[in-house]
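Participant: In the numbering used here, the protein residues as written are 6 to 255.
Sharing a structure, written as structure tokens. Questions coming.
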């Protein structure tokens, strides 16, 4: 009996060690105000709905209306677990309908508190290609150090659910992306690489470490820089954050 109890305790301990630090599947049917802040400007909206889901009954929908100028809609978790302050692996199932516009669209981010006026790393899309980037938005002007360091990769899937995985690292400042389990490379120096590496300022003397200064918050949503000619939706489901790569729903 004692031996059996020992086995059970070991199994429970192993499960506890492998449980991700954060999981959100929206199966409560609502946005939990204890977890998420809704940061919304203009006519973009965010809600939990049941018409489009990757798994289960509910998923998050971010709706961006046609010609929605100076708008954004994000769910932001303002207090990340301590284990994710400098290095984050994440996963979400994503669907974009009907597709992206040509201008810069922000999707997933992690950075200092106070987004959008903060320093953060981002997975976005520009001209229908993934654009991982470091965003120095805490300064008010370019003269004070405001700007961005961006990379460009492959086109994201549209019109269907896909598995988006990422790795945010602040020391050194890097982003890695996987799509449906496969690396999604970017171009650096004209060559495809799996890891986007950033420096700020963008000079030979620029810093490459601790550009964000530690991740305080994480967010998903949509922000389009411009006036979209066509309305679009981004859906998110089964969001997970952890200290190691997570993989698909099992």
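Virtual Cβ for every residue (Gly too), placed ideally from N, Cα, C.
Because the structure is a prediction, the values reported are computed rather than measured.
1. Pull the bridge partners of residue 5 from the DSSP assignment, please.
2. Taking only runs that begin and end inside the region 174 to 204, name each unbroken beta strand (DSSP E) of 3 or more residues, in chain order.
3. With the cut-off set at 8 Å, would you say residue 144 and residue 153 are in Cβ contact?
4. Would the region 120 to 132 count as touching the region 244 to 255 if we require 3 or more Cβ pairs under 8 Å?
5. May I have the straight-line CA-CA distance separating residue 33 from residue 40, to the nearest angstrom?
6. Can you give me the start and stop residues for the beta strand (DSSP E) that residue 68 sits inside?
7. Tell me, to the nearest whole angstrom, how far the beta carbon of residue 156 is from that of residue 118; I am working on the premise that it is less than 8 Å.
8. What's the gap between the Cα of residue 229 and the Cα of residue 98?
9. Determine the extent of the beta strand (DSSP E) in which residue 98 is found, giving its start and end residues.
10. Can you tell me where the beta strand (DSSP E) holding residue 224 begins and where it ends?
11. Tell me which residues share the same chain as residue 187 and place their Cβ nearer than 6 Å to its Cβ, disregarding the 5 neighbours each side in the sequence.
12. For residue 233, count neighbouring C-beta atoms within 10 Å of its own C-beta (all shown protein chains included) and say buried if the count is 16 or more, exposed if not.
13. Below 7 Å CB to CB, which residues in the same chain sit around residue 20 once its five sequence neighbours on both sides are set aside?
14. Run through the DSSP bridge pairs and tell me what residue 116 is partnered with.
15. Within its chain, find whatever has a CB closer than 6 Å to the CB of residue 45; leave out the 5 residues flanking it on each side and keep chain order.
16. Apart from the five residues just before and just after residue 217, which ones in its own chain have a Cβ nearer than 8 Å to its Cβ?
17. Report back the beta-carbon spacing between residue 130 and residue 103 to the nearest angstrom; my notes put them in contact at under 8 Å.
18. Please report the residue range of the beta strand (DSSP E) in which residue 246 lies.
19. By a C-beta neighbour count over all protein chains shown, 10 Å radius and 16 as the cutoff for buried, is residue 112 buried or exposed?
20. Residue 66 and residue 75: beta carbons closer than 8 Å?
Facilitator: In short, the structure shows the following:
1. The requested residue 5 is not part of the displayed model; the chain covers only 6 to 255.
2. 178 to 184, 191 to 193, 196 to 198 and 200 to 202
3. no
4. These segments do not touch.
5. 13 Å
6. 64 to 69
7. Between residue 118 and residue 156 the Cβ distance is about 25 Å, and since that is not below 8 Å, they are no contact.
8. 20 Å
9. 92 to 102
10. 222 to 229
11. none
12. buried
13. With a pLDDT of only 40 at residue 20, under 50, the local geometry of the prediction cannot be trusted, and no value is derived from it.
14. 125 and 222
15. 78
16. Cβ contact annotation for residue 217 (same chain, cutoff 8 Å, sequence separation greater than five): 115, 116, 117, 124, 125, 126, 139, 175 and 178, in chain order.
17. With a contact defined as Cβ atoms closer than 8 Å, residue 130 and residue 103 miss out at about 14 Å.
18. 237 to 247
19. By the neighbour-count rule (16 or more Cβ atoms within 10 Å), residue 112 is buried.
20. no
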